[in-house]
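**Q**
2 protein chains.
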Amino acid sequence: MSVAQLLEALSSSNPTPGGGTAAAIAGAMGASLLVMVTRLSKSKNNTEDDKAALAMARNGLTPIVARLTELATADAQAFDRVMAAYRLPKISDAEMAARGQAIQSALQGATTVPLDTLRACAEALKHARVVAEFGNAAAASDAGVAIGLLRAAANGAHANVEVNLGGIKGEAFKTTTAETAAQLSSAAAADAATAARWVA
Amino acid sequence: MSVAQLLEALSSSNPTPGGGTAAAIAGAMGASLLVMVTRLSKSKNNTEDDKAALAMARNGLTPIVARLTELATADAQAFDRVMAAYRLPKISDAEMAARGQAIQSALQGATTVPLDTLRACAEALKHARVVAEFGNAAAASDAGVAIGLLRAAANGAHANVEVNLGGIKGEAFKTTTAETAAQLSSAAAADAATAARWVA
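In the order they appear, the protein sequences are chains A and B.
For the first sequence, numbering that gives the first Met the number 0 assigns the number 0 to the initial residue and increments by one for each residue that follows.
For the second sequence, numbering that gives the first Met the number 0 assigns the number 0 to the initial residue and increments by one for each residue that follows.
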């Protein structure tokens with residue numbers, strides 16, 4: 000999909016792709032920028048240890064870019080399933096039961112995808128500290144943009160988890176997911192703040 | 000350009016496209032999401048005035064998406080010119096003078112582009128309040144993601160303005176640009192906070 004098509008699809012009156020997809024792409028851009036910074040050699044004062052730390056960050060970040068790209072598509076698909084479930088017939092008791100089950104199953108999917116997006120962004124922000132600390136100072140503003148985008152993506156993904164959890168009836172799933180999301184979000188915020196101090 | 004190519008280009012060791020491009024695309028995604036929200040009809044309680052306000056917001060936001068898309072490309076080109084200017088010969092006095100002038104001119108361009116990105120994001124955030132207030136509540140998380148992305152994009156653009164201003168010698172240009180950027184940034188932050196309260 001081209002960038003122009005993505006923007007067109009986000010703008011259209013079709014509810015998907017929506018915020019979940021945009022958040023995942025923003026996170027993928029953030030992770031990509033961090034990968035770039037790990038690649039900009041700093042001729043003067045990078046020790047071998049610094050270089051090894053940057054290489055390790057790059058190895059961790061590269062699959063996150065791919066993962067967030069997949070999640071951008073998965074998010075739209077998961078929400079399409081929710082809308083399809085709501086459109087199921089609801090005349091007979093059997094239909095009502097089947098529809099209710101389909102909605103619950105689809106909502107769980109639509110919760111799990113943004114939770115995975117949040118997890119991927121939180122993971123990228125762990126690497127961001129190393130990148131911001133040891134990366135080329137000439138690329139500090141790139142690292143800064145990356146941190147800001149990953150933070151916004153994590154917040155957006157967290158909001159989407161909570162919205163979809165709202166419709167879910169299974170209390171155990173609800174509690175576990177909400178707790179996991181809250182923990183990932185706090186970790187992401189803390190790592191973003193630490194990383195941002197190196198590039199301020 | 001496809002989304003995959005954009006991510007690949009951001010990840011590469013080539014300094015462009017970098018944070019300025021990513022910020023502009025993130026802003027364009029945010030503005031696109033706001034356009035979507037203006038299009039999701041709210042069957043129950045939208046008055047004619049509400050609908051008119053949403054239509055006006057959509058009319059304001061649509062050109063901003065296009066503008067930010069252009070600025071994403073312009074940002075990379077402007078920074079390419081800065082790097083080209085630094086590579087100019089610097090043996091003779093005449094060469095030194097020409098190179099210095101080329102660097103200053105290129106840096107002004109590389110400052111103006113993120114300033115325009117910041118301005119476009121600030122403008123989109125003005126519309127965000129209306130969209131968040133009158134838009135369909137079912138799309139509140141989309142509006143929330145949009146606000147977060149526009150805020151991150153504005154911050155990133157502001158950081159890029161400041162970085163490139165650092166190398167500029169004309170004090171008048173420096174002062175005016177820094178002041179304009181600071182004003183736009185404050186307005187963007189205030190509008191983002193107001194808009195976010197409607198979708199929290």
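Yeah, the Cβ is synthetic: ideal placement off N, Cα and C, and Gly gets one too.
Bear in mind that the values here come from a model prediction, so they are computed numbers and not experimental data.
If you draw a straight line from the C-alpha of Arg196/B to the C-alpha of Thr37/B, how long is it?
**A** Cα-Cα distance, rounded: 18 Å.
**Q** Looking at the strands, I want to know which residues DSSP matches up with Ser40/A.
**A** The partner list for Ser40/A (beta bridge, DSSP) is empty, contrary to what the question assumes.
**Q** Measure from the C-beta of Ala195/A to each C-beta in chain B and report whether the shortest distance is under 8 Å.
**A** No, Ala195/A lies away from the interface with chain B (no Cβ there is under 8 Å from its Cβ).
**Q** In terms of residue numbering, what span does the alpha helix (DSSP H) encompassing Gly108/A cover?
**A** From DSSP, the alpha helix (DSSP H) with Gly108/A extends over 92-133.
**Q** Would Ala151/B pass as an interface residue toward chain A - the criterion being a Cβ-Cβ separation below 8 Å?
**A** It does; some Cβ of chain A falls within 8 Å.
**Q** With three or more C-beta pairs closer than 8 Å as the rule, is the region 149-161 of chain A touching the region 93-105 of chain A?
**A** No, they do not touch.
**Q** Strictly by DSSP, which residues pair up with Ser1/B?
**A** DSSP output for Ser1/B lists Ser1/A as bridge partner(s).
**Q** With a threshold of 16 other CB atoms inside 10 Å of the CB of Asn58/A, please say whether the residue is buried or exposed.
**A** So Asn58/A ends up on the exposed side.
**Q** Out of Ser11/A, Ala142/A, Pro14/A, point me to the one whose CA is closest to Thr20/B's CA.
**A** The shortest Cα separation from Thr20/B among Ser11/A, Ala142/A, Pro14/A belongs to Ala142/A.
**Q** Since I believe Val144/A is in contact with Gly18/B (beta carbons under 8 Å), could you give me their beta-carbon distance rounded to a whole number of angstroms?
**A** Correct: roughly 3 Å between the Cβ atoms.
**Q** CA-CA distance, Ile63/A and Glu170/B?
**A** If you take the alpha carbons of Ile63/A and Glu170/B, they lie about 43 Å apart.
**Q** Can you name the start and end residues of the alpha helix (DSSP H) that Arg57/A belongs to?
**A** Element bounds for Arg57/A: 47-85.
**Q** Please report the distance separating the alpha-carbon of Gln76/B from that of Ser11/B.
**A** Rounded to the nearest angstrom, the two C-alpha atoms are 16 Å apart.
**Q** Please confirm whether Met0/A and Ser31/B have their CB atoms less than 8 Å apart.
**A** Contact: no.
**Q** Closer than 7 Å by C-beta to Phe172/B: which residues in its own chain qualify, once you throw out the five before and the five after it? Chain order, please.
**A** Same-chain partners within the cutoff: Gln107.
**Q** I need the DSSP call for Ser184/B, collapsed to helix, strand or coil.
**A** If DSSP states are grouped into helix, strand and coil, Ser184/B belongs with the helices.
**Q** Roughly how many angstroms separate the alpha carbons of Val162/A and Ala109/A, rounded to a whole number?
**A** In a straight line, the C-alpha of Val162/A is about 10 Å away from that of Ala109/A.
**Q** State yes or no: is the beta carbon of Arg118/A nearer than 8 Å to at least one beta carbon in chain B?
**A** By this cut-off, Arg118/A is not an interface position.
**Q** Quick one: does Val2/A have its CB under 8 Å from some CB of chain B?
**A** Yes, because at least one Cβ of chain B sits closer than 8 Å to the Cβ of Val2/A.
**Q** How far does the alpha helix (DSSP H) with Gly155/A in it reach, from first residue to last?
**A** Unbroken alpha helix (DSSP H) run through Gly155/A: 139-164.
**Q** Closest by CA to Leu39/B, which one among Met28/B, Lys168/B, Ala139/B?
**A** Of the listed residues, the one whose Cα sits closest to Leu39/B is Ala139/B.
**Q** For chain A, check one thing: does any of its Cβ atoms lie closer than 8 Å to the Cβ of Arg38/B?
**A** Closer than 8 Å to some Cβ of chain A, the Cβ of Arg38/B qualifies, so yes.
**Q** Comparing C-alpha positions only, which one of Ala52/A, Thr68/A, Arg66/A, Asp74/A sits nearest to Thr15/A?
**A** Nearest C-alpha to Thr15/A: Asp74/A.
**Q** How many Å lie between Tyr85/A and Phe78/A at the Cα?
**A** Going by the C-alpha atoms only, they are around 11 Å apart.
**Q** Any residues in the region 65-96 of chain A with a beta carbon nearer than 7 Å to a beta carbon of chain B? Which ones, in chain order?
**A** Per Cβ criterion, the list reads Thr68.
**Q** Within the 8 Å Cβ cut-off, does Leu5/B reach chain A?
**A** Yes, because at least one Cβ of chain A sits closer than 8 Å to the Cβ of Leu5/B.
**Q** Output, in chain order, the set of chain A residues within a Cβ distance shorter than 8 Å of Met28/B.
**A** Chain A residues near Met28/B: Leu5, Leu6, Leu9, Ala21, Ile24, Ala25.
**Q** Could you work out which residue in Asp190/B, Ser185/B, Thr116/B is closest to Ala23/B when comparing CA atoms only?
**A** Comparing Cα-Cα distances from Ala23/B to each of Asp190/B, Ser185/B, Thr116/B, the minimum goes to Thr116/B.
**Q** Are the CB atoms of Leu60/B and Val34/B within a distance shorter than 8 Å?
**A** For Val34/B and Leu60/B, yes; Cβs fall inside 8 Å.
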